[in-house]
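Okay, so here's the structure we're looking at.
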Ligand code: SF4
Ligand code: SF4
């Protein structure tokens, strides 16, 4: 009998709490937006979705020297670069990046010595066919014109990862 009374009180409390929560949320401003009519701003440091191969803004030359560093570091083995040499430098004869197994780790961007491969600043890069996820050199170069590049470039990221130089006192080594 006592147990029945306790469970009735608990049930009543839970019901009142649920009703109160419902009423509270009924008058709250909605947090959802009517996409695509309304779009939330993308965070400044966002990068992802797809990739682009860049060209030198002044000369128009391809920045990729075909060094294969991105291919070697890619943990998913989704990059294949074929190198050729002419005009005193290396070039990517072909470049394949298979987005199907890309984990968006950005390692390929981080190791690039010429800022040639970049992630883009945009979320809306959908495709409807599997083959569209296999990016060849032409698609990657076209992406440079289609999407703005993200702020993170290889040389900038490498600079950020460099240990702070200076005296031992400055680095806080002395006295430890
Ligand atoms: S982001 Fe990572 S997984 Fe994707 S291509 Fe680059 S290195 Fe490979
Ligand atoms: S994208 Fe960068 S790391 Fe990859 S092959 Fe070209 S120059 Fe080398």
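Residue numbers (this note's numbering): 22 to 197. Yeah, the Cβ is synthetic: ideal placement off N, Cα and C, and Gly gets one too. Remember, predicted model here, so these are calculated numbers, not experimental data.
When the five nearest sequence neighbours on each side are left out, the beta carbons in the same chain lying within less than 6 Å of the beta carbon of residue 119 are those of 99 and 155, in order along the chain. Of the residues assessed, residue 48 falls on the exposed side of the cut-off, its CB having fewer than 16 other CB atoms within 10 angstroms. The criterion of a C-beta distance shorter than 8 Å is satisfied by residue 70 and residue 146. Boundaries around residue 104 are those of the beta strand (DSSP E), 100-107, since no alpha helix (DSSP H) includes it.
Rounded to whole angstroms, the gap between the alpha carbons of residue 173 and residue 55 is 30 Å.
DSSP places residue 41 within a helical segment (H, G or I) once states are collapsed to three. Distances taken from the Cβ of residue 115 to the heavy atoms of ligand 1 include none shorter than 7 Å. The DSSP-derived three-state label of residue 163 is helix. When the Cα atoms are used, residue 159 and residue 64 turn out to be separated by approximately 28 Å. Residue 132 places its beta carbon less than 8 Å from that of residue 175.
Here residue 88 has 111 and 134 as same chain residues with Cβ atoms under 7 Å from its own Cβ, once five neighbours each way along the sequence are excluded. The straight-line gap separating the alpha-carbon atoms of residue 182 and residue 128 is approximately 12 Å.
Between residue 163 and residue 68, the C-beta gap is not smaller than 8 Å, which leaves the two residues out of contact.
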